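Structure record follows, encoded as structure tokens.
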Amino acid sequence: MSLAFAKCFDPKGARFGIPTFPWRCAPDGYATLRQLRARGLRPGGQPVAAQVLRPRYRRGPLVAYLYRLDRAKPVRPMTPAKRAALAKANAARRTCPQCRTDAGYVIPVSLGVCVPCAYPDDEQRAA
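Once you know that position 72 of the sequence shown is 72 in full-length UniProt numbering, the rest is easy, because the numbers rise by one and skip nothing.
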């Protein structure tokens, strides 16, 4: 057993408070949030059941929290009201606050306005 593996192996949770396993060595019956979502599940209010650690050189380890599959619940279906709210929010992210037009893309927060409004001189050079 390598030293890095040994530092991340705590199946009883004595050192970290919850069962801890090395990266890619989690037992069956546990899944991360992404893995739950890929299966059409959500944690459903359950607490974190375990974690996997991946040691890194000169930095803290990467941590992925695990949830129990037998306690996971199905993802809630999208309602028409939620779909409309998301469409409205995405439209607001595409609308330029200066010229009030739909930019056709999500306006970068760093600019705050669409590209033609941020760089008006570039349009005159291109023409």
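Note that CB positions come from ideal geometry on N, CA and C, so glycine has one too.
Small disclaimer: the values here were computed from a predicted structure and weren't measured.
Open item on the list: Closest to P27 by C-alpha separation, out of L62, G17, K12 and P43, would be which residue?
Closed with: Taking only the C-alpha atoms, the option nearest P27 is K12.
- [ ] Determine the closest residue to V109 out of L36, R94, Y119 and C99, with distance taken between C-alpha atoms.
- [x] Of the listed residues, the one whose Cα sits closest to V109 is R94.
Task: Contact under 8 Å by Cβ, Y65 with V48 - done: A contact, by the Cβ cut-off of 8 Å.
Open item on the list: For P77 and Y105, I'd like the C-alpha separation in whole angstroms.
Closed with: The alpha-carbon atoms of P77 and Y105 are separated by roughly 27 Å.
- [ ] For the alpha helix (DSSP H) containing R58, list its first residue and its last residue.
- [x] Per DSSP, R58 lies in no alpha helix (DSSP H) and is assigned neither H nor E.
Task: Separation of R15 from F9, as counted between CA atoms - done: So the alpha carbons of these two residues sit roughly 9 Å apart.
Task: Outcome for T101 when other beta-carbon atoms lying within 10 angstroms are tallied against a minimum of 16 - done: So T101 counts as exposed.
TODO: Going by CA-CA distance only, name the one from P120, Y119 and R42 that's closest to D70.
DONE: Comparing Cα positions, the closest option is R42.
- [ ] Measuring alpha carbon to alpha carbon, tell me which of K7, P74, G44 and V115 ends up nearest P55.
- [x] Closest by alpha carbon: K7.
Task: Per-residue DSSP class, three states only, for A49 - done: A49 falls in the coil class under three-state DSSP.
Open item on the list: Assuming the contact rule is C-beta atoms closer than 8 Å, L53 and P19 should be a hit. Round their C-beta distance to whole Å, please.
Closed with: In fact, because the Cβ distance is near 11 Å, the residues do not count as touching under 8 Å.
Open item on the list: Mapping the DSSP letters down to three states, classify R37 as helix, strand or coil.
Closed with: In the structure shown, R37 falls within a helical segment according to DSSP collapsed to helix, strand and coil.
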